[in-house]
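Under the working numbering, the first residue of the sequence shown is numbered 13, with each subsequent residue one higher.
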Amino acid sequence: MVAKLAVFDIDDTLLASNKMFLKSTLTSIKKLKQQQINVAIATGRNLAMAKAVIHKLDLNDFVLCNGSAAFANHQQVHEHTLSRDNMATLVAAADANNIDIIFESLDGLHAHTHLNEQTRRVLHTFRAPAVEYAPNYYLDNDIYQAMMFYPHQQDANLPHADEFSFVRFDVNGVDIIPKVGSKAQGVAKLAASLKVAPENVVAFGDNQNDREMLQSAGIGIAMGNAAPEIKAQADMTTTDCDHDGIENGLKSIGWI
């Protein structure tokens with residue numbers, strides 16, 4: 013039997029726009045598992061933020077922090093953390109511009125600042141877990157990615173180290189991730205650990221941080237709610253996250 017891997021972004025892909033699972037999505041995941049197809053998530057969330065989805069779908073495999081960490085059968089098979097020197101420079105600029113910044117470890121969120129109301133609204137949208145106030149966390153701990161909270165007009169005020177990519181996930185939120193890393197890199201590490209050939213990987217996504225993953229997967233499927241430039245990176249487009257996009261996409265390629 014040929015080993016296969018189906019990988020899904022979470023927000024506005026696996027989850028509908030109301031942050032709930034469609035019945036058709038849950039049924040589709042169950043059908044994949046019944047065929048012994050590996051099922052994984054590839055998300056910008058860390059483990060703490062993704063845990064509810066992992067438990068709901070009973071997943072063994074997951075790519076976290078925009079590809080900076082990957083787990084196969086609950087064992088970590090890949091990690092890529094941010095350098096402390098470049099993070100210190102970015103923190104200083106955030107302080108100078110009154111921008112909230114949160115450091116992400118695998119299992120927690122650690123705030124450099126006392127969060128303002130705008131930041132709290134963004135976190136609430138994604139049902140983020142409690143955030144620890146730990147202003148100097150980045151000095152002595154591994155950081156898989158960071159989140160900063162500001163509108164795009166402030167981009168020019170911040171240093172963009174060659175190491176970092178700034179990937180916007182909200183009008184007021186940006187992920188800071190390793191430039192050489194991406195969900196594609198994490199998925200590749202996961203697939204290799206599961207002995208799945210690249211051509212037997214299907215990936216679903218909708219956002220900027222899914223771009224490389226959709227390009228590199230054997231079959232990249234963009235959600236109907238994705239922006240045109242994201243759809244352009246995929247092999248095909250399914251219906252949107254509120255209208256059975258996962259089920260329709262898997263049916264169209266004959267995986268369910």
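We treat Cβ as the ideally placed atom computed from N, Cα and C, and that holds for glycine.
Taking its Cβ as the centre, do 16 or more other Cβ atoms sit within 10 Å of residue 119, making it buried, or is it exposed? exposed
Beta strand (DSSP E) containing residue 190: first to last residue? 185-190
I'd like the ranges of any beta strand (DSSP E) spanning at least 3 consecutive residues and lying wholly in the region 55-80. Contiguous beta strand (DSSP E) elements confined to the region 55-80 occur at 73-76, taking only those with 3 or more residues.
Neighbourhood of residue 86 by C-beta, 7 Å cutoff - its chain only, sequence neighbours within 5 removed: Excluding positions up to five away in sequence, the list reads 72.
Are residue 233 and residue 193 touching if we call contact CB-CB under 9 Å? no
Using the beta-carbon count (16 or more within 10 Å), is residue 139 buried or exposed? exposed
Whole angstroms is fine: what's the gap from residue 32's alpha carbon to residue 179's? 24 Å
Any alpha helix (DSSP H) of 4 or more consecutive residues that is wholly inside the region 188-249: Runs of the alpha helix (DSSP H) lying entirely within the region 188-249, each at least 4 residues long, are 195-205, 223-228, 240-243 in chain order.
Can you find a heavy atom of the ligand MN that lies under 8 Å from the Cβ of residue 101? With respect to small molecules bound, the structure shown includes none, and the ligand MN cannot be examined in it.
Output the boundary residues of the alpha helix (DSSP H) element that contains residue 41. 35-46
Of the choices 113, 90, 28, whose alpha-carbon is the least far from that of residue 257? 28
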